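Under the numbering used here, residues 1317 to 1611 are what the sequence shown spells out, in order.
Virtual Cβ for every residue (Gly too), placed ideally from N, Cα, C.
Values in this document were obtained by computation on a predicted structure and should not be read as measured data.
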Amino acid sequence: MNVLQTLIDGVALGAVYALVAVGLALIFGVMRLINFAHGELITAGGYTLALASAWPKAAAIALTVVVCVVLAWAMERIAFRRLRNVAPATTLVATFAVAFTLQAVWLIAFGPQGESADVLSGLNQTAVSGELSIRWITIVMLITGGLLLAGTILLLNRTTIGLQMRAAATDFRAARLLGVRADTVISVAFVIAGVMAAAVAVLLTVQRPLVTPTFGLQVTILALVGVVVGGMDRLWTATLGGFAIGFATSVLGEALPSDQRVFLPSAVFLLVIVVLLLRPGGLFAPRGAGGVERV
1317 MNVLQTLIDG
1327 VALGAVYALV
1337 AVGLALIFGV
1347 MRLINFAHGE
1357 LITAGGYTLA
1367 LASAWPKAAA
1377 IALTVVVCVV
1387 LAWAMERIAF
1397 RRLRNVAPAT
1407 TLVATFAVAF
1417 TLQAVWLIAF
1427 GPQGESADVL
1437 SGLNQTAVSG
1447 ELSIRWITIV
1457 MLITGGLLLA
1467 GTILLLNRTT
1477 IGLQMRAAAT
1487 DFRAARLLGV
1497 RADTVISVAF
1507 VIAGVMAAAV
1517 AVLLTVQRPL
1527 VTPTFGLQVT
1537 ILALVGVVVG
1547 GMDRLWTATL
1557 GGFAIGFATS
1567 VLGEALPSDQ
1577 RVFLPSAVFL
1587 LVIVVLLLRP
1597 GGLFAPRGAG
1607 GVERV
């Protein structure tokens, strides 16, 4: 095993998982909602690429972003907006209901066999060869992840809506009393989550071009594990947690013998149990940090 090669691939996959974690953490920050339906946004993006595979690449990617953003907005507007003031358990169940409903839609519309979204297969070609072999998709993952994460940070710290989102995440009721519009803040959070999901869908289809009804499920569950491991109370800790899980998944997947890789998800979830026992607030959360959610 080439250690440097494995580390580079791990960082690239970690960047993708970090994007999923950002989408999950933003929604949790402004709504206290763990959105298990986030994976269906990724699946929707994958199917969109499959349907638009004959289009010019830029147009197919643009359509994917539009579909993911519209679906994310529709989720909030139709399914979650009316449930803001109900018990957290109710909204949690609602996210499962939305996820299972959309999975049924994908199954009915496209069948269980899957659709090919082989739009950007050229990115699997080698960009750097020799002892160290780096594919174009690895470079694109790193650049895309870095740009989107940097853009999110700038949005949250340099724009009015970003500051309102941070205020709402700290104390939603106080923010509303100060004039923050709840509907706008939450809708923007879902739109950003949709953009992140579209980017993840595009990147994942390069490596896994076969899109099935559960295409976005595993990456979302593992990213959620990362959010919990990192600490859900802050965006940066959740993002680091997502990155760490993606990195660990890639590195362990390369290190384990092929006949033992089936146990990789179990090892990841065991890690969650250990971390929560040792650091209930999250691996990257400051010691003594309370339960105040911040973005």
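Between the C-alpha atoms of residue i and residue j, what's the straight-line distance to the nearest angstrom?
| i | j | result |
| --- | --- | --- |
| Pro1428 | Gly1339 | 27 Å |
| Val1608 | Ala1485 | Residue placement at Val1608 cannot be trusted, given a pLDDT of 46 that sits under 50; the coordinates are not used to answer. |
| Val1588 | Met1548 | 13 Å |
| Thr1576 | Leu1568 | Before going further, note that residue 1576 is Gln rather than Thr in the sequence given. Near 10 Å, if we compare the C-alpha coordinates of Leu1568 and Gln1576. |
| Leu1464 | Glu1392 | 22 Å |
| Thr1528 | Ala1433 | 10 Å |
| Leu1323 | Ile1343 | 30 Å |
| Leu1458 | Val1327 | 8 Å |
| Gly1462 | Val1590 | 29 Å |
| Arg1610 | Leu1320 | Residue placement at Arg1610 is poorly supported in this model, since its pLDDT is 49, which falls under 50; the coordinates still yield a value, given next. When rounded, the distance between both Cα atoms is 35 Å. |
| Ser1449 | Ala1443 | 7 Å |
| Phe1559 | Thr1460 | 14 Å |
| Leu1479 | Ala1341 | 16 Å |
| Cys1384 | Val1507 | 8 Å |
Would you identify the three-state DSSP class for residue i, choosing helix, strand or coil?
| i | result |
| --- | --- |
| Thr1442 | strand |
| Glu1392 | helix |
| Val1332 | helix |
| Gly1606 | Per-residue confidence for Gly1606 stands at a pLDDT of 49, beneath the threshold of 50, marking its modelled position as unreliable; the derived number appears in the next sentence. The answer is coil: DSSP assigns Gly1606 none of H, G, I, E or B. |
| Ser1437 | helix |
| Ser1432 | strand |
| Ala1368 | coil |
| Ala1337 | helix |
Can you check which of these residues, the options, is closest to residue i by C-alpha distance?
| i | options | result |
| --- | --- | --- |
| Gly1557 | Glu1392, Ala1375, Leu1551, Gly1546 | Gly1546 |
| Leu1519 | Arg1397, Gly1510, Leu1439 | Leu1439 |
| Thr1359 | Pro1525, Trp1452, Gly1326 | Pro1525 |
| Ala1331 | Gly1542, Glu1570, Val1588 | Gly1542 |
| Val1381 | Phe1506, Met1512, Gly1532, Trp1452 | Met1512 |
| Ser1503 | Thr1530, Ala1378, Ala1395 | Ala1395 |
| Val1584 | Pro1573, Val1544, Phe1600 | Val1544 |
| Ala1337 | Gly1597, Gln1441, Leu1538, Leu1572 | Leu1538 |
The alpha helix (DSSP H) with residue i in it runs from where to where?
| i | result |
| --- | --- |
| Trp1452 | 1452–1474 |
| Met1548 | Per DSSP, Met1548 belongs to no alpha helix (DSSP H) and is neither H nor E. |
| Pro1596 | Counting along the chain, Pro1596 falls outside any alpha helix (DSSP H), and DSSP gives it neither H nor E. |
| Thr1530 | Taken as a continuous stretch (DSSP letters only), Thr1530 belongs to no alpha helix (DSSP H), as it is neither H nor E. |
Any heavy atom of the ligand GTP closer than 8 Å to the beta-carbon of residue i?
| i | result |
| --- | --- |
| Gly1362 | No copy of the ligand GTP appears in this structure; indeed no ligand is present at all. |
When the Cβ atoms of the region 1366–1384 are set against those of the region 1492–1503, are three or more pairs found closer than 8 Å? no
Can we say the region 1345–1356 touches the region 1415–1429, given the rule of at least three CB pairs closer than 8 Å? yes
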